Amino acid sequence: MKLLLALPALAFTALAAGAGEVSVAVAANFTAPMQKIAAAFEQQTGHRAVLAFGSTGRFYAQVRNGAPFDVLLAADDATPARLERDGTTVPGTRQTYAIGRLVLWSAQPGLVDAQGAVLRQAHLSRLALADPRLAPYGAAAVQALGRLGLLAAWQPRFVQGESIAQAYQFVASGNAPLGFVALSQVMADGRIARGSAWVVPADLHAPLRQDAVLLAAGRANAAASELLRFLQGDAARAILRGYGYGY
28 MKLLLALPAL
38 AFTALAAGAG
48 EVSVAVAANF
58 TAPMQKIAAA
68 FEQQTGHRAV
78 LAFGSTGRFY
88 AQVRNGAPFD
98 VLLAADDATP
108 ARLERDGTTV
118 PGTRQTYAIG
128 RLVLWSAQPG
138 LVDAQGAVLR
148 QAHLSRLALA
158 DPRLAPYGAA
168 AVQALGRLGL
178 LAAWQPRFVQ
188 GESIAQAYQF
198 VASGNAPLGF
208 VALSQVMADG
218 RIARGSAWVV
228 PADLHAPLRQ
238 DAVLLAAGRA
248 NAAASELLRF
258 LQGDAARAIL
268 RGYGYGY
């Protein structure tokens with residue numbers, strides 16, 4: 028019996044002995060799910076993921092300037108492809124880890140209707156979104172407004188954040204009555220956790236296909252490669268579903 032009780036401790040010791048650390052640049056829309064995925068990753072593998080959150084555009088510039096990230100989890104598929112062409116990634120490691128959804132959201136219950144008709148109410152005056160030059164979700168918001176024929180009406184009223192996290196804060200704080208954010212920011216356990224929302228139909232903007240890639244700095248880091256594998260597994264995908272992502 029004493030031997031059996033000792034086995035889990037021995038297994039944990041062996042796991043810890045082989046544990047590594049991976050530095051991950053994470054698109055802001057993926058903050059909440061990645062925090063949970065990192066915890067599950069450490070529990071199952073012993074490896075620790077050190078997370079930095081921000082806009083995909085900023086991370087592109089930082090990687091090009093030598094930032095020592097091992098892995099990039101982008102909010103699009105174009106940025107990892109650009110880095111691949113630039114020679115700053117490990118060839119053959121780019122993969123889609125999630126497919127995101129854009130949502131029009133207000134912290135006020137009942138303000139946003141199920142069809143998004145609230146967008147035709149110009150008196151709301153302010154509309155938050157991420158900077159479309161830096162953040163794919165911001166670009167998707169501009170595309171959606173354009174296809175709805177509402178871009179010209181709303182553009183002078185934009186309140187832009189550098190990232191989708193800042194756009195969310197503008198709405199959550201009341202600085203803007205509504206805004207375009209990632210569904211993952213307002214969903215928990217498969218439902219809208221606060222306020223009111225309209226999930227923007229996917230045909231109103233380019234697909235929010237989010238790619239991950241192993242960066243040159245992480246080439247020899249076993250924990251970095253293990254994280255990319257973990258993102259394709261059942262544990263990570265269960266977390267993705269809870270935040271409204273596809274894969």
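Position one of the sequence shown corresponds to residue 28 (the numbering used here), numbered consecutively onward.
Backbone N, C-alpha and C define an ideal beta-carbon position, used for all residues, glycine too.
Since the structure is predicted, the reported quantities are computational estimates derived from the model, not experimental observations.
{"query": "By the 10 Å Cβ neighbour count, where 16 or more other Cβ atoms means buried, how is Leu30 classified, buried or exposed?", "result": "Residue confidence is low: Leu30 scores 44 on pLDDT, short of 50, so the model does not pin down where it sits. Its coordinate-derived value is still stated next. Classification for Leu30: exposed."}
{"query": "Skipping 5 residues on each side, what residues in its chain have a beta carbon closer than 7 Å to that of Arg184?", "result": "Ser152, Arg153, Leu154"}
{"query": "Quick one: what's got a C-beta closer than 7 Å to Tyr25's C-beta in the same chain, skipping five residues either side?", "result": "Because the chain spans 28 through 274 in this model, residue 25 falls outside it and cannot be assessed."}
{"query": "Quick check on DSSP: helix, strand or coil for Thr116?", "result": "strand"}
{"query": "How long is the line joining the alpha carbons of Arg160 and Ala249, rounded to whole angstroms?", "result": "34 Å"}
{"query": "Once you ignore the five residues that flank Val169 on each side, which residues in its own chain have a CB closer than 6 Å to its CB?", "result": "Pro159"}
{"query": "For a test of the three-state rule: what should DSSP assign to Val169, helix, strand or coil?", "result": "helix"}
{"query": "Alpha carbon to alpha carbon, how far is Thr115 from Arg91? Give it in angstroms, no decimals.", "result": "7 Å"}
{"query": "Kindly give me the distance between the Cβ atoms of Gly81 and Ser190, rounded to whole angstroms, as I take these residues to be in contact under 8 Å.", "result": "6 Å"}
{"query": "Roughly how many whole angstroms lie between the Cα atoms of Tyr124 and Leu205?", "result": "28 Å"}
{"query": "Please check the pair Val139 and Leu131, which I expect to be a contact at CB under 8 Å, by giving their CB distance rounded to whole angstroms.", "result": "6 Å"}
{"query": "Taking the alpha-carbon positions, what's the Arg75 to Phe96 distance?", "result": "14 Å"}
{"query": "Could you name each continuous beta strand (DSSP E) segment of 3 residues or more that falls completely within the region 182–268, going from the start of the chain to the end?", "result": "185–188, 205–209, 223–226, 235–241"}
{"query": "Using only alpha-carbon positions, find the residue among Gln71, Tyr164, Trp225 that is nearest to Pro234.", "result": "Tyr164"}
{"query": "On the CB-based measure, 16 or more other CB atoms within 10 Å of its CB, does Val77 come out buried or exposed?", "result": "exposed"}
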